[in-house]
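Counting in my numbering, the sequence shown runs from 116 upward without gaps. Just so you know, even glycine gets a beta-carbon here, dropped at the ideal spot from N, CA and C. Worksheet: the structure to be examined is printed underneath.
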Amino acid sequence: MNFDIVTIIIGVIIVGGFGIFSIYTKVVDLSGLIAGLIVGLIIWIFGGWSWFLIILLFHLLAAVMTKFKFKKKEVSGLAQEKGGARGWPNVTANGLVAALFSLSSGIYYLLFSVKLDILFFGFIGAVAAMTADTIATELGLLSKTQPRLITTFKKVIPGTSGGVTILGELAALLGSSIIGLFGWVLAIFNPVFNLISGNLIVSYSIVFGAIAGGLLGCLVDSIIGATVQGLYNCSKCDKITEKKVHGCGTITDQIQGIALIDNNVVNLLGSISGSFFSILIYLLFQILITGG
116 MNFDIVTIII GVIIVGGFGI FSIYTKVVDL SGLIAGLIVG LIIWIFGGWS WFLIILLFHL
176 LAAVMTKFKF KKKEVSGLAQ EKGGARGWPN VTANGLVAAL FSLSSGIYYL LFSVKLDILF
236 FGFIGAVAAM TADTIATELG LLSKTQPRLI TTFKKVIPGT SGGVTILGEL AALLGSSIIG
296 LFGWVLAIFN PVFNLISGNL IVSYSIVFGA IAGGLLGCLV DSIIGATVQG LYNCSKCDKI
356 TEKKVHGCGT ITDQIQGIAL IDNNVVNLLG SISGSFFSIL IYLLFQILIT GG
């Protein structure tokens, strides 16, 4: 946690710089920029620059994957709206849980002068889940095989909430592994991290925690998307959508799920799930190391 004015100023410059670059490259819109600045600064100040690098890696991977073969996704009607620029609801849903774990870690350190490993596992689990879901979605849309609904395994059209592909699942594994390995490297070589047991095995659990959080958080995301997320039908285009107002401007009719549970809520719940499973891995490793 860094409360000195110099570190905060450096954080504002760095986070602001990436924010400006993001809006210039149309990764976020203005509202997404503001939300991203808030999330980024909270993580920088309360988690430290190491934690910020992890969330930054997610941001870069998400940006690259969103723009990857964007024209092809756009032609098929599967691309992100506004040229892939994400607004504040999406940025907040993806970054809120990670920011809260960073905030909790910083406050705990301020009160007791020690960092809790379990809070870092909650943080990296949330980031891994966001990364896994984003990469799985963006690459899964390009799969040559038709997706299947996670709950029934019936074939569905690309872009259907809860639809999964082998390519997408492999992408989720890749994304969560990248986050886990990056976090492991930082934990080994950066004294900012405090591994409670002092055992190298605990550092390995970061990789397993991130992978578990990423894959299982992504799985929860898909299940919620397939069961309770609100889905709508556009009578004009005869297409299923997650939007209450279709891209053509037509007000849609709800045909499934709960109206309040949209894609952003699903992402938030997936992120929370990622934290839970990552923390669970940490606790299991602690039991193995201490012998119960």
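Since residue i contacts residue j with CB under 8 angstroms, what's their CB separation in whole angstroms?
i, j, result
"residue 408", "residue 255", "Limits of the chain in this structure are 116 at one end and 407 at the other, which puts residue 408 out of reach."
"residue 145", "residue 301", "Not a contact, Cβ separation roughly 31 angstroms."
"residue 321", "residue 299", "5 angstroms"
"residue 275", "residue 355", "7 angstroms"
"residue 143", "residue 200", "6 angstroms"
"residue 133", "residue 176", "The pair is not a contact, with the Cβ atoms about 14 angstroms apart (cut-off 8 angstroms)."
"residue 243", "residue 325", "4 angstroms"
"residue 251", "residue 286", "5 angstroms"
"residue 260", "residue 280", "6 angstroms"
"residue 137", "residue 151", "7 angstroms"
"residue 162", "residue 237", "About 11 angstroms separates the two Cβ atoms, so there is no contact after all."
"residue 345", "residue 303", "44 angstroms between Cβ atoms; not a contact."
Residue i bridges to which residues according to DSSP?
i, result
"residue 271", "Paired residues: none, contrary to the question."
"residue 212", "Looking at the DSSP assignment, residue 212 forms no beta bridge with any residue, so it has no partner."
"residue 378", "According to DSSP, residue 378 bridges with nothing at all."
"residue 414", "Since the displayed the chain opens at 116 and closes at 407, residue 414 lies outside it and no answer follows."
"residue 154", "None; residue 154 has no bridge partner."
So, helix, strand or coil for residue i, using DSSP?
i, result
"residue 367", "coil"
"residue 333", "helix"
"residue 280", "coil"
"residue 401", "helix"
"residue 260", "coil"
"residue 309", "Because the pLDDT of residue 309 is 49, which lies under 50, any placement of that residue in the model is unreliable, and the number read from its coordinates should be weighed accordingly. Note: residue 309 maps to coil in three-state DSSP."
"residue 142", "coil"
"residue 394", "helix"
"residue 388", "helix"
"residue 406", "coil"
Quick check on the DSSP output: the alpha helix (DSSP H) that includes residue i runs from which residue to which?
i, result
"residue 246", "232-255"
"residue 182", "164-182"
"residue 137", "120-139"
Meets three-Cβ-pair contact criterion under 8 angstroms: the segment 375-391 and the segment 331-349: These segments touch.
At least 3 beta-carbon pairs within less than 8 angstroms: the segment 283-298 vs the segment 204-214: Too few Cβ pairs lie closer than 8 angstroms, so no.
At least 3 beta-carbon pairs within less than 8 angstroms: the segment 154-166 vs the segment 215-224: Under the Cβ criterion (8 angstroms, minimum of three pairs), the segment 154-166 counts as touching the segment 215-224.
Sufficient close CB pairs (3 or more, under 8 angstroms) joining the segment 336-346 to the segment 368-388: Flag = yes, the segment 336-346 and the segment 368-388 touch.
Cβ contact (3+ pairs, closer than 8 angstroms) linking the segment 227-241 and the segment 266-273: The answer is no - the segment 266-273 does not touch the segment 227-241, with fewer than three Cβ pairs under 8 angstroms.
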